[in-house]
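Reading through the structure tokens given below for one structure.
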Amino acid sequence: MTITSKGYEGSVDYATWALVASHAGAEYGVVGLPSFALSAGPGDREVRVAAGRAVGQGIVDDSDAVTSLVGTPVTAGNRWDLVCLRRDWLTGTSTLVLLPGLASGDKVIPIAQMERDPGVTDDQPIGLVRFAAGQSAAQEFEDLRVWYGSGGTAAKSLLVRQFLDRIGSRVWIQGITWVRGFASDGTDRWVPDSVYVGTTAPPYADNLLWVRP
1 MTITSKGYEG SVDYATWALV ASHAGAEYGV VGLPSFALSA GPGDREVRVA
51 AGRAVGQGIV DDSDAVTSLV GTPVTAGNRW DLVCLRRDWL TGTSTLVLLP
101 GLASGDKVIP IAQMERDPGV TDDQPIGLVR FAAGQSAAQE FEDLRVWYGS
151 GGTAAKSLLV RQFLDRIGSR VWIQGITWVR GFASDGTDRW VPDSVYVGTT
201 APPYADNLLW VRP
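Each residue of the sequence shown is one higher than the one before, starting from 1 at the first, in UniProt numbering.
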């Protein structure tokens, strides 16, 4: 498996800039439905990451084959580990890594474990994988990939809002377009884009499935 990266220092010509600029509208993304999809491998706690293209922070990465990652044992209960694409501007390389999840077993993104310094080292979340004590295979996946198109992004999991935290971000998830905007006290928060205004707006819950008329 080889990841070929374009956009690091010394690798940008006119053709490369045109490619990078075409994906510059989103903080993170993958190109095409199969790209970087996760699945369980046959080995002990093996996670397979599909080939494809990922983009983020001005870098375009192309993986030419399936990559295998291996999780560490779980002593009790469950643990949700995070698969990331790590970009390192010092070495000019992008690699897939598996970060340990919370010991509590909660299904959350371990933000504190991530590198979040674009231009130095930065992690693009790909998905969560649940490992269970006494089980050799990955038990469950939560897809954290984001797809970028003309004018917006789409994702499958509400958890992506934990790292797509720039004000003004828009992402379509399960029939609702979410916008990183402002609450009445001026703090930033995620709100659903709605045709309703003012007091006519219906209440929303994070897991509500609402289809815009």
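Idealized CB from N, CA, C, for every residue including glycine.
Within 10 Å of its beta-carbon, does F182 have 16 or more other beta-carbons around it, so buried, or fewer, so exposed?
exposed
| task | Return the chain-ordered list of same chain residues with a C-beta closer than 6 Å to the C-beta of A154, the five sequence neighbours on each side being excluded. | result | W147, W172
Check: Would the beta-carbon of Q124 fall within 8 Å of that of L85?
Finding: yes
**Message:** Here's the rule I'm using: 16 or more other beta-carbon atoms within 10 Å means buried, otherwise exposed. How should L144 be labelled?
**Reply:** buried
- What does a CB cutoff of less than 7 Å around G168 pick up in its chain, not counting 5 residues either side in sequence? R180
Under DSSP, the beta strand (DSSP E) around A154 begins and ends at which residues? 152–155
Does the distance from the C-beta atom of T121 to that of L96 stay below 8 Å? no
Worksheet item: Pick from L38, V129, V108: whose alpha carbon is nearest that of R161?
Response: V108
Residue from S94, G127, A21 whose Cα sits closest to the Cα of G101
G127
For T121, three-class secondary structure by DSSP = strand
Q.
Within the continuous beta strand (DSSP E) that includes A40, where are the two ends?
A. 38–40
**OP:** Please report the residue range of the alpha helix (DSSP H) in which V20 lies.
**Re:** 14–21
- Taking the runs of the beta strand (DSSP E) that are 3 residues or longer, which of them lie wholly in the stretch 80–141? 93–99, 121–132
Counting beta carbon pairs with one atom in the stretch 70–79 and one in the stretch 87–94, are three or more of them shorter than 8 Å? no
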